[in-house]
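Enquirer:
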């Protein structure tokens, strides 16, 4: 392992994957720990991969918000491209939910409110995240949500061009919006739908869609009726249920039109209006969500209400897998390091597809969806 990268001392390796390695680093001049994401040497000369890697850093660097992981530096050292970000204490929401818990209504509402604040900043800067899910939401030990993994984020202009000219689909099945599944241009409302699915999962302990195949899952997203959240969790009040229903409306026109509206409605809820952080105690692994080309974390434990989370074995593999344009899932996550209480950086995964893989499988999937959905509408 290298001992130095630029002017940063390498303290420990936090995780590695197909795209590269993440290290815990130390910046002596400012007396602080950082997380350093390094592009794999084998990919250093691949212009497409390198551009995606740097796009994540630049997207995050442009967004100065307390609910988005902050970027400090982008550089190269002896041919190795890397960027440096804040190293914060906490755990991913995905890791919490994987331990078979669902959150309380108050916890879930505050997670969504803070995430919506961060997304509002991104959207106001013309950046659509495109992969909102529990694994990309970090909750610090102080009860603050931080959004990670802007590896597949694009500006509104680039996003529209990309989807309409290449037919490429990116994201995580189960959290994709209907418009993404249909290959239509998307905007900030797509992130709102994905965030609504996260809220549903936090409140019920399961996903609203459960087909075993990516294509079937996408078809459910487009056509299937989402279960009433109150039928699955009696603690959910009508106000939260109404907010959720509007977030996950199939038609973007029926959703909240921006995250500021989501925040406004959540701020009216008494559990959010009373203020205070998200009251979750964390014991963290130093390696948690700092993977490249991997999914989220890891080890660590959280003090949450012992409400059983309904298992969804068939969906679990699909909903927590990012599908690339080749139609193939990424590798499973790397295990975390020692589970001591520590500071944790959450750069999370860069979109790990090989740049020359064909988008044909996704194009076929989109065509199949359009045929099925179009046929169903024609028969009405």
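In this note's numbering, the protein residues as written are 1236 to 1615. Every residue, glycine too, gets a C-beta built ideally from N, C-alpha and C.
For residue 1315, which of helix, strand or coil comes out of DSSP?
Expert: Residue 1315 falls in the strand class under three-state DSSP.
Enquirer: Does DSSP put residue 1336 in a helix, in a strand, or in coil?
Expert: Three-state DSSP puts residue 1336 in a strand.
Enquirer: Kindly indicate which residue of 1253, 1305 and 1309 has the alpha-carbon position closest to the one of residue 1241.
Expert: For the residues 1253, 1305 and 1309, the minimum Cα distance to residue 1241 belongs to 1309.
Enquirer: Buried or exposed: which applies to residue 1384, given that a residue is buried once 16 or more other Cβ atoms fall within 10 Å of its Cβ?
Expert: Answer is buried; the Cβ neighbour count reaches 16.
Enquirer: In three-state terms, what does DSSP make of residue 1298?
Expert: Correct three-state label for residue 1298: coil.
Enquirer: How is residue 1421 classed by DSSP in three states: helix, strand or coil?
Expert: Three-state result, residue 1421: coil.
Enquirer: Can you tell me where the beta strand (DSSP E) holding residue 1273 begins and where it ends?
Expert: Residues 1267–1274.
Enquirer: So, helix, strand or coil for residue 1407, using DSSP?
Expert: Here residue 1407 sits in coil by DSSP.
Enquirer: For residue 1505, count neighbouring C-beta atoms within 10 Å of its own C-beta (all shown protein chains included) and say buried if the count is 16 or more, exposed if not.
Expert: That one is exposed.
Enquirer: Hey, out of 1286, 1328 and 1507, whose CA is closest to residue 1344's CA?
Expert: For the residues 1286, 1328 and 1507, the minimum Cα distance to residue 1344 belongs to 1507.
Enquirer: For residue 1510, is the classification buried or exposed, using 16 other Cβ atoms within 10 angstroms of its Cβ as the cut-off for buried?
Expert: With fewer than 16 other Cβ atoms within 10 Å, it is exposed.
Enquirer: Please return the same chain residues whose Cβ sits closer than 7 Å to the Cβ of residue 1381, not counting the five positions on each side in sequence.
Expert: Contacts found: 1302, 1303, 1304, 1323, 1373, 1375 and 1581.
Enquirer: Excluding the 5 residues preceding and the 5 following residue 1464 in the sequence, name in chain order all residues of the same chain whose CB lies nearer than 7 Å to its CB.
Expert: If we look at residue 1464 and ignore the five residues flanking it on each side, its Cβ neighbours are 1435, 1438, 1439, 1471, 1476 and 1479.
Enquirer: Alpha carbon to alpha carbon, how far is residue 1493 from residue 1457? Give it in angstroms, no decimals.
Expert: For residue 1457 and residue 1493, the distance between alpha carbons rounds to 21 Å.
Enquirer: Under 7 Å Cβ to Cβ from residue 1615, same chain only, skipping five residues before and after it: list those, please.
Expert: For residue 1615, the predicted model reports a pLDDT of 38, less than 50, meaning its position is unreliable; a value from the coordinates is still stated below. Taken in chain order, the list of residues that qualify is empty.
Enquirer: Quick one, which of 1266, 1299, 1366 and 1244 has its alpha-carbon nearest residue 1409's?
Expert: Of the candidates 1266, 1299, 1366 and 1244, the one whose C-alpha sits nearest the C-alpha of residue 1409 is 1366.
Enquirer: To the nearest angstrom, how far is it from the Cα of residue 1269 to the Cα of residue 1321?
Expert: Spanning the two alpha carbons is a distance of roughly 5 Å.
Enquirer: Residues in its own chain within less than 7 Å of residue 1500 by CB, not counting five upstream and five downstream?
Expert: Cβ within range, chain order: 1478.
Enquirer: Return the Cβ separation of residue 1279 and residue 1314 in integer angstroms, given the expectation that the two are a contact with Cβ distance under 8 Å.
Expert: That belief holds up - the Cβ atoms of residue 1279 and residue 1314 are roughly 6 Å apart, short of 8 Å.
Enquirer: Can you tell which of 1285, 1342, 1413 and 1424 has its C-alpha closest to the C-alpha of residue 1452?
Expert: The option with the nearest alpha carbon to residue 1452 is 1413.
Enquirer: So is residue 1334 buried or exposed if we call it buried at 16+ other beta carbons inside 10 Å?
Expert: Its Cβ having fewer than 16 others within 10 Å, residue 1334 is exposed.
Enquirer: Since residue 1500 is in the alpha helix (DSSP H), which residue starts that stretch and which ends it?
Expert: First-last of the alpha helix (DSSP H) with residue 1500: 1494–1502.
Enquirer: Could you tell me which residues DSSP puts in a beta bridge with residue 1374?
Expert: Residue 1374 pairs with 1326 and 1380.
Enquirer: Alpha carbon to alpha carbon, how far is residue 1246 from residue 1236?
Expert: Taking the straight line from one Cα to the other gives about 10 Å.
Enquirer: State buried or exposed for residue 1462, treating a residue as buried only when at least 16 other CB atoms are found within 10 Å of its CB.
Expert: Residue 1462 should be labelled exposed.
Enquirer: If we ignore side chains and look at the alpha-carbon of each, how far apart do residue 1417 and residue 1425 end up?
Expert: When rounded, the distance between both Cα atoms is 12 Å.
Enquirer: Using DSSP bridges, identify the partner residues of residue 1489.
Expert: Per DSSP, none; premise fails for residue 1489.
Enquirer: Excluding the 5 residues preceding and the 5 following residue 1292 in the sequence, name in chain order all residues of the same chain whose CB lies nearer than 7 Å to its CB.
Expert: For residue 1292, where only same-chain residues beyond five positions count, the Cβ hits under 7 Å are 1306, 1309 and 1318.
Enquirer: Residue 1247 by DSSP, collapsed to three states: which one?
Expert: Strand.
Enquirer: Return helix, strand or coil for residue 1254, following the three-state DSSP convention.
Expert: Residue state, collapsed to three classes: coil.
Enquirer: Considering only the alpha carbon of each residue, which of 1469, 1430, 1487 and 1378 lies closest to residue 1422?
Expert: For residue 1422, the nearest C-alpha among the options comes from 1487.
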